[in-house]
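Trainee:
2 protein chains.
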Amino acid sequence: MTDFTTARPFAHEQVERWDAETDVAIVGFGAAGACAAIEAAEAGAAVILFEAASGSGGASALSGGEIYLGGGGGTDAQRAAGFEDSTQALETYLTMAGGPDADTAKIALYARESLAHYQWLKDQGVPYKGTFLPGKIIEPAEDDTLIWSGSEAAWPFSETATPAPRGHTIQFMGWGGGRKLMDIFEARVRALGVDVHCDARVLSLIADAGGRVTGLVVRIDGKPQFIRARRGVILATGGFCMNQEMLRRYAPQTMRLSNPIGENDNGSGIMMGMGVGGDAIHMDEFFTTCPWIMPESLVKGIFVNERGQRFINEDCYHGRVSRTMLDQPGERVYLLVDNAIFARPLDIARIEIAAVGESWEEVERELGLPGDTLAATVHIFNRYAAEGHDPLFNKAPEWLKVLGEAPFAALELNVATSFFSFFTLGGLNTRPSGEVLDRAGHIVPGLYAAGRATSGLPRWGHGYSSGLSLADCTFFGRMAGRSAAAEN
Amino acid sequence: MTDFTTARPFAHEQVERWDAETDVAIVGFGAAGACAAIEAAEAGAAVILFEAASGSGGASALSGGEIYLGGGGGTDAQRAAGFEDSTQALETYLTMAGGPDADTAKIALYARESLAHYQWLKDQGVPYKGTFLPGKIIEPAEDDTLIWSGSEAAWPFSETATPAPRGHTIQFMGWGGGRKLMDIFEARVRALGVDVHCDARVLSLIADAGGRVTGLVVRIDGKPQFIRARRGVILATGGFCMNQEMLRRYAPQTMRLSNPIGENDNGSGIMMGMGVGGDAIHMDEFFTTCPWIMPESLVKGIFVNERGQRFINEDCYHGRVSRTMLDQPGERVYLLVDNAIFARPLDIARIEIAAVGESWEEVERELGLPGDTLAATVHIFNRYAAEGHDPLFNKAPEWLKVLGEAPFAALELNVATSFFSFFTLGGLNTRPSGEVLDRAGHIVPGLYAAGRATSGLPRWGHGYSSGLSLADCTFFGRMAGRSAAAEN
Numbered sequence: 002m003t004d005f006t007t008a009r010p011f012a013h014e015q016v017e018r019w020d021a022e023t024d025v026a027i028v029g030f031g032a033a034g035a036c037a038a039i040e041a042a043e044a045g046a047a048v049i050l051f052e053a054a055s056g057s058g059g060a061s062a063l064s065g066g067e068i069y070l071g072g073g074g075g076t077d078a079q080r081a082a083g084f085e086d087s088t089q090a091l092e093t094y095l096t097m098a099g100g101p102d103a104d105t106a107k108i109a110l111y112a113r114e115s116l117a118h119y120q121w122l123k124d125q126g127v128p129y130k131g132t133f134l135p136g137k138i139i140e141p142a143e144d145d146t147l148i149w150s151g152s153e154a155a156w157p158f159s160e161t162a163t164p165a166p167r168g169h170t171i172q173f174m175g176w177g178g179g180r181k182l183m184d185i186f187e188a189r190v191r192a193l194g195v196d197v198h199c200d201a202r203v204l205s206l207i208a209d210a211g212g213r214v215t216g217l218v219v220r221i222d223g224k225p226q227f228i229r230a231r232r233g234v235i236l237a238t239g240g241f242c243m244n245q246e247m248l249r250r251y252a253p254q255t256m257r258l259s260n261p262i263g264e265n266d267n268g269s270g271i272m273m274g275m276g277v278g279g280d281a282i283h284m285d286e287f288f289t290t291c292p293w294i295m296p297e298s299l300v301k302g303i304f305v306n307e308r309g310q311r312f313i314n315e316d317c318y319h320g321r322v323s324r325t326m327l328d329q330p331g332e333r334v335y336l337l338v339d340n341a342i343f344a345r346p347l348d349i350a351r352i353e354i355a356a357v358g359e360s361w362e363e364v365e366r367e368l369g370l371p372g373d374t375l376a377a378t379v380h381i382f383n384r385y386a387a388e389g390h391d392p393l394f395n396k397a398p399e400w401l402k403v404l405g406e407a408p409f410a411a412l413e414l415n416v417a418t419s420f421f422s423f424f425t426l427g428g429l430n431t432r433p434s435g436e437v438l439d440r441a442g443h444i445v446p447g448l449y450a451a452g453r454a455t456s457g458l459p460r461w462g463h464g465y466s467s468g469l470s471l472a473d474c475t476f477f478g479r480m481a482g483r484s485a486a487a488e489n
Numbered sequence: 002m003t004d005f006t007t008a009r010p011f012a013h014e015q016v017e018r019w020d021a022e023t024d025v026a027i028v029g030f031g032a033a034g035a036c037a038a039i040e041a042a043e044a045g046a047a048v049i050l051f052e053a054a055s056g057s058g059g060a061s062a063l064s065g066g067e068i069y070l071g072g073g074g075g076t077d078a079q080r081a082a083g084f085e086d087s088t089q090a091l092e093t094y095l096t097m098a099g100g101p102d103a104d105t106a107k108i109a110l111y112a113r114e115s116l117a118h119y120q121w122l123k124d125q126g127v128p129y130k131g132t133f134l135p136g137k138i139i140e141p142a143e144d145d146t147l148i149w150s151g152s153e154a155a156w157p158f159s160e161t162a163t164p165a166p167r168g169h170t171i172q173f174m175g176w177g178g179g180r181k182l183m184d185i186f187e188a189r190v191r192a193l194g195v196d197v198h199c200d201a202r203v204l205s206l207i208a209d210a211g212g213r214v215t216g217l218v219v220r221i222d223g224k225p226q227f228i229r230a231r232r233g234v235i236l237a238t239g240g241f242c243m244n245q246e247m248l249r250r251y252a253p254q255t256m257r258l259s260n261p262i263g264e265n266d267n268g269s270g271i272m273m274g275m276g277v278g279g280d281a282i283h284m285d286e287f288f289t290t291c292p293w294i295m296p297e298s299l300v301k302g303i304f305v306n307e308r309g310q311r312f313i314n315e316d317c318y319h320g321r322v323s324r325t326m327l328d329q330p331g332e333r334v335y336l337l338v339d340n341a342i343f344a345r346p347l348d349i350a351r352i353e354i355a356a357v358g359e360s361w362e363e364v365e366r367e368l369g370l371p372g373d374t375l376a377a378t379v380h381i382f383n384r385y386a387a388e389g390h391d392p393l394f395n396k397a398p399e400w401l402k403v404l405g406e407a408p409f410a411a412l413e414l415n416v417a418t419s420f421f422s423f424f425t426l427g428g429l430n431t432r433p434s435g436e437v438l439d440r441a442g443h444i445v446p447g448l449y450a451a452g453r454a455t456s457g458l459p460r461w462g463h464g465y466s467s468g469l470s471l472a473d474c475t476f477f478g479r480m481a482g483r484s485a486a487a488e489n
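Chains as they are written, first to last, in this note's numbering: chain Z, 2 to 489; chain L, 2 to 489.
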């Protein structure tokens with residue numbers, strides 16, 4: 002255990018000497034911290050930013066640089082592709098995606114401001130080619146910048162919220178545009194004169210006897226330094242997917258997963274926030290995915306669990322499908338494909354061929370399943386697929402296909418051995434302004450948070466869609482920066 | 002929101018006058034608080050106990066007075082019924098029942114001390130007739146005192162932990178022996194000279210600048226009183242099933258359920274414990290059940306979800322089955338029965354007959370399910386049941402029966418309208434001694450907790466078994482009382 006987990010703030014009254022003073026101190030140089038810094042600095046505040054790693058990036062730099070945007074009649078890219086996205090449709094989708102305790106205040110604000118946020122991103126220098134890539138995409142293979150990134154076109158979302166593609170990726174050749182996005186943010190942060198310190202680990206917050214956060218203690222070159230933040234401290238430290246002890250206590254279902262996304266997501270900010278009375282909510286929630294949808298013909302296959310039962314419409318977001326895989330008994334699920342749609346999955350997914358046969362009965366036997374289980378499931382599926390519908394799981398007709406061309410195969414996705422990446426979704430409870438709330442719903446004075454240190458737009462693993470976390474980090478990072486800068 | 006949710010402790014240094022002093026102050030007069038009081042008083046400590054309600058009881062008094070006991074060669078009742086229960090089997094079962102983060106330290110201690118705890122209960126005056134009632138029982142209809150109370154004899158538990166019945170109920174005619182159990186505990190508490198105050202709501206803990214809990218503020222007759230606890234404060238305040246706001250933030254899946262067990266389980270102790278740095282863990286976990294297993298012939302039916310799929314071996318604990326019902330899509334599951342096993346469910350369960358037919362295909366149609374879904378599930382089940390096994394779900398042969406005698410029926414259990422009781426399982430992280438741990442794993446000096454204010458033996462809804470919560474409350478209540486009394 003490192004120091005920070007004691008979680009208790011350092012007493013303001015015991016600070017003998019401030020090593021530095023600023024208006025706003027920001028912890029963490031991922032997208033949330035960067036966007037907070039930009040807004041705070043533009044509002045005229047003196048801003049200091051601490052990052053534990055040797056450079057900017059955080060988990061944001063490991064992403065595809067995709068941001069969930071839309072509404073208001075549609076972005077330029079949406080309109081060019083023929084989608085008139087409405088604010089209501091965006092708000093409805095985000096509410097469904099947010100699960101049983103969706104944050105309706107943040108969602109309403111984000112839906113209303115999404116187009117303006119897109120413009121703000123462009124104003125920072127983020128390039129968008131504006132071209133739409135249809136189909137099932139994880140990240141664009143070239144430099145297109147609009148994709149379907151969630152379950153918009155899939156049941157049950159499509160029944161309630163008019164579908165539109167909303168995954169806006171930074172223009173970048175190939176996967177992994179998140180690093181480029183962070184480079185652009187970093188350039189803006191530095192151009193605005195933010196005082197950036199890397200290799201600077203924040204050890205604790207400083208709070209006065211009245212509970213107000215007044216600064217922080219940071220270790221630089223091995224020495225603790227006391228930083229006074231006159232207007233506020235913003236925690237933008239990410240989630241806790243790299244902290245085994247926190248995962249065990251708060252999100253034990255993730256202990257089955259071995260590919261966390263986020264080098265420094267050790268939960269320190271959540272802990273420090275709780276240490277001054279902040280409330281952490283939905284700590285058990287997490288995003289996970291195995292990239293099984295490429296090549297996209299595989300989406301026409303059907304998933305069955307170890308009992309030979311289907312469990313979801315396979316055309317919804319790959320992360321929603323993957324999260325639901327974890328709800329199934331055992332470690333394995335099988336993607337059933339016929340010769341017409343078979344394709345070799347991505348190497349990184351580590352999906353193996355578990356059985357091949359000339360009939361579904363043969364596949365069933367080869368998998369060691371009892372007779373008339375998997376085969377019965379396929380026969381029922383095929384019967385209705387031939388009629389163009391899927392009455393049990395409501396897979397959209399576009400992805401329905403009779404699995405009838407031998408040979409047949411079962412591709413195994415194994416929670417223990419396939420590539421299931423994950424990150425946590427639980428964190429501090431904040432207002433849309435970024436103000437951290439305590440367990441009574443009152444603000445913790447002087448403290449703000451954004452990104453995966455909070456429970457934000459994405460707070461329900463079964464509803465996650467690509468781009469939601471960066472949408473949350475960038476937009477509510479900005480809100481936190483603006484609010485802190487405005488404090489007196 | 003009431004006062005306590007601000008969760009901040011009152012500062013010791015600001016206490017102007019102590020209205021009373023004691024060694025050990027206990028909050029809550031359910032089983033955990035009562036057992037803590039008995040041990041602390043017997044150890045020679047001066048003990049004061051506060052209860053917000055007008056009398057003792059808490060959720061414990063609403064229970065069947067059943068305690069999960071065994072190991073060590075078996076209790077008298079187990080041995081008389083022919084079960085040589087081993088400590089290893091008990092420990093293994095509790096570990097499986099505890100889920101992915103089972104508390105192995107508490108489990109090991111409890112398994113080792115279970116027989117001695119049984120003797121202690123008898124020493125307090127709790128009567129046990131010692132008679133075993135076989136079969137599927139929720140609570141004994143008469144005054145027998147040993148039943149199968151969990152999933153011991155069901156897959157997968159039975160494969161790893163040698164099964165034995167371990168539900169020891171207080172001797173009491175009919176259901177609801179929990180009130181009698183509490184009356185016995187209360188008499189002991191009063192006989193030992195514990196200073197009991199009912200209608201006394203604890204508003205906050207008192208902690209000094211070093212973080213040590215030194216007492217509490219309690220409202221009696223409308224006036225706050227400052228109570229000094231020289232050795233320690235024990236939180237035995239129960240869970241948070243009556244606090245809608247906490248349920249929404251920490252256990253949103255329970256928002257579908259409308260029958261909380263626990264009149265005063267408002268989460269106040271968990272909040273106060275967190276307010277002094279205590280860690281609350283597994284807050285999303287909860288127990289739920291719909292009493293569907295009576296008459297027991299119904300257990301020979303099979304459950305299907307709204308897609309006509311089975312989802313569990315129906316012979317495991319009714320609460321495990323019920324918890325798994327909530328994982329299914331939609332609001333309804335159906336218990337399929339034939340004429341041979343049909344029986345009218347308990348009125349309180351609010352289970353309705355959704356469909357009747359001369360064939361399973363007719364039942365399927367009447368329920369509005371697509372053809373060849375529910376009927377296919379039954380035919381596959383029947384095929385294997387005729388051979389005496391259940392290869393998909395491993396229901397034990399004793400409960401397997403071909404569902405072949407018309408007419409057939411589907412009984413509907415509806416999460417929204419049937420009787421699903423529930424209580425929460427998340428709470429403060431404690432050592433087996435009852436010491437409350439902070440987020441760094443260090444103790445919060447002067448603070449103890451027990452029962453549903455903690456995350457204890459029962460901490461995984463899918464593994465709950467009747468008697469686990471009272472086992473945890475009574476035994477670890479004792480440990481907390483003993484530890485607090487021994488503190489100097």
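By construction, the Cβ of each residue, glycine as well, lies at the ideal position given by its N, Cα and C atoms.
Nearest-angstrom Cα distance between L/GLU67 and L/ASP348?
Mentor: In a straight line, the C-alpha of L/GLU67 is about 22 Å away from that of L/ASP348.
Trainee: Taking Z/ARG202 as part of the beta strand (DSSP E), name the residues at either end of that continuous run.
Mentor: 201-208 is the span of the beta strand (DSSP E), which, as asked, contains Z/ARG202.
Trainee: Determine whether the Cβ of Z/ASN113 lies closer than 8 Å to any Cβ atom of chain L.
Mentor: The sequence given here has Arg at residue 113 of chain Z, not Asn. Answer no: the Cβ-Cβ gap between Z/ARG113 and chain L never drops below 8 Å.
Trainee: So, Z/MET247 versus Z/GLU264, is the Cβ gap smaller than 8 Å?
Mentor: No, these two residues do not count as a Cβ contact at 8 Å.
Trainee: Which word fits L/MET2, buried or exposed, when buried means at least 16 other C-beta atoms lie within 10 angstroms of its C-beta?
Mentor: Confidence in L/MET2 is poor, its pLDDT being 31 and thus under 50, which makes the residue's placement unreliable; the coordinate value appears in the next sentence. Exposed, because fewer than 16 other Cβ atoms sit within 10 Å of the Cβ of L/MET2.
Trainee: Please tell me whether L/GLY464 and L/ALA98 are closer than 8 Å, where the distance is taken between their beta carbons.
Mentor: In contact: L/GLY464 and L/ALA98 (Cβ atoms closer than 8 Å).
Trainee: Helix, strand or coil, according to DSSP, for Z/GLY233 in the structure here?
Mentor: Here Z/GLY233 sits in strand by DSSP.
Trainee: Whose Cβ in chain Z lies nearer than 7 Å to the Cβ of L/MET326?
Mentor: Going along chain Z, no residue has its Cβ under 7 Å from L/MET326, so there is no contact; the nearest lies around 13 Å.
Trainee: Would you call the CB atoms of Z/MET183 and Z/ALA62 closer than 8 Å?
Mentor: Yes, the Cβ-Cβ distance between Z/MET183 and Z/ALA62 is below 8 Å.
Trainee: Please compile the residues from chain B whose C-beta is within a distance smaller than 7 Å of the C-beta of Z/TYR251.
Mentor: This model lacks chain B altogether; the protein chains it does include are Z and L.
Trainee: Could you check where the alpha helix (DSSP H) with L/PHE476 kicks off and where it finishes?
Mentor: Segment 469-487, the alpha helix (DSSP H) holding L/PHE476.
Trainee: Determine, for L/ASP144, whether the minimum Cβ-Cβ distance to residues of chain Z falls below 8 Å.
Mentor: No, L/ASP144 lies away from the interface with chain Z (no Cβ there is under 8 Å from its Cβ).
Trainee: State buried or exposed for Z/LYS303, treating a residue as buried only when at least 16 other CB atoms are found within 10 Å of its CB.
Mentor: Residue 303 of chain Z is actually Ile in this sequence, not Lys. With 16 or more other Cβ atoms within 10 Å, it is buried.
Trainee: At a Cβ cut of 9 Å, what residues of the segment 349-366 of chain L count as close to chain Z, listed as they run along the chain?
Mentor: Those would be none; no residue qualifies.
Trainee: Put Z/ARG351 into one of helix, strand or coil per three-state DSSP.
Mentor: Residue state, collapsed to three classes: coil.
Trainee: What does DSSP give as the partner residues of Z/HIS1 in its beta bridges?
Mentor: In the structure as shown, chain Z starts at 2 and stops at 489, and residue 1 of chain Z therefore has no counterpart that could be examined.
Trainee: Mind pulling the chain Z residues with CB within less than 7 Å of L/THR289?
Mentor: None at all; the shortest Cβ gap to chain Z is about 15 Å.
Trainee: For Z/GLN120, count the other beta carbons within 10 Å of its own beta carbon; 16 or more makes it buried, fewer makes it exposed. Which is it?
Mentor: Exposed, because fewer than 16 other Cβ atoms sit within 10 Å of the Cβ of Z/GLN120.
Trainee: Is L/LYS396 buried or exposed, if buried means 16 or more other CB atoms sit within 10 Å of its CB?
Mentor: L/LYS396 should be labelled buried.
Trainee: What is the DSSP secondary structure of Z/GLN551, counted as helix, strand or coil?
Mentor: Because chain Z is modelled from 2 through 489, residue 551 of chain Z falls outside the range shown and cannot be assessed.
Trainee: If the cut-off is 8 Å on Cβ atoms, which residues from the segment 420-431 of chain L count as contacting chain Z, listed in chain order?
Mentor: Going along the segment 420-431 of chain L in chain order, one finds ASN430 with a Cβ nearer than 8 Å to chain Z.
Trainee: Could you please tell me which residues of the segment 239-266 of chain Z, in chain order, have their CB closer than 7 Å to any CB of chain L?
Mentor: Residues passing the 7 Å Cβ filter: ARG249, ARG250, TYR251, PRO253, GLN254, MET256.
Trainee: Taking the C-alpha atoms as reference points, what is the distance between L/MET295 and L/ILE139?
Mentor: Approximately 8 Å, taken between the alpha carbons.
Trainee: By how many angstroms is the C-alpha of L/GLU160 removed from the C-alpha of L/LEU370?
Mentor: Cα to Cα, L/LEU370 sits roughly 35 Å from L/GLU160.
Trainee: Which residues does DSSP pair with Z/ALA12 in a beta bridge?
Mentor: Per DSSP, Z/ALA208.
Trainee: Report yes or no: do three or more beta-carbon pairs, one from the segment 141-148 of chain Z and one from the segment 164-178 of chain Z, lie closer than 8 Å?
Mentor: Contact holds: three or more Cβ-Cβ distances are below 8 Å.
Trainee: Taking 7 Å as the cut-off, is the CB of L/TRP19 close to at least one heavy atom of the ligand SAM?
Mentor: Because no ligand of any kind appears in the structure shown, any question about the ligand SAM cannot be addressed here.
Trainee: Can you pull out the residues from the segment 391-421 of chain L whose beta carbon lies closer than 8 Å to at least one beta carbon of chain Z?
Mentor: Within the segment 391-421 of chain L, the residues whose Cβ lies closer than 8 Å to some Cβ of chain Z are PRO392, LEU393, PHE394, listed in chain order.
Trainee: What three-state label does DSSP hand L/LYS224 in the structure shown?
Mentor: Correct three-state label for L/LYS224: strand.
Trainee: Among Z/VAL334, Z/GLY309, Z/ALA472, whose alpha-carbon lies nearest the alpha-carbon of Z/GLU114?
Mentor: When only C-alpha atoms are compared, the closest one is Z/ALA472.
Trainee: So which residues on chain Z does L/GLN310 lean against when the C-beta distance must stay under 7 Å?
Mentor: Going along chain Z in sequence order, the residues near L/GLN310 (Cβ under 7 Å) are GLN310.
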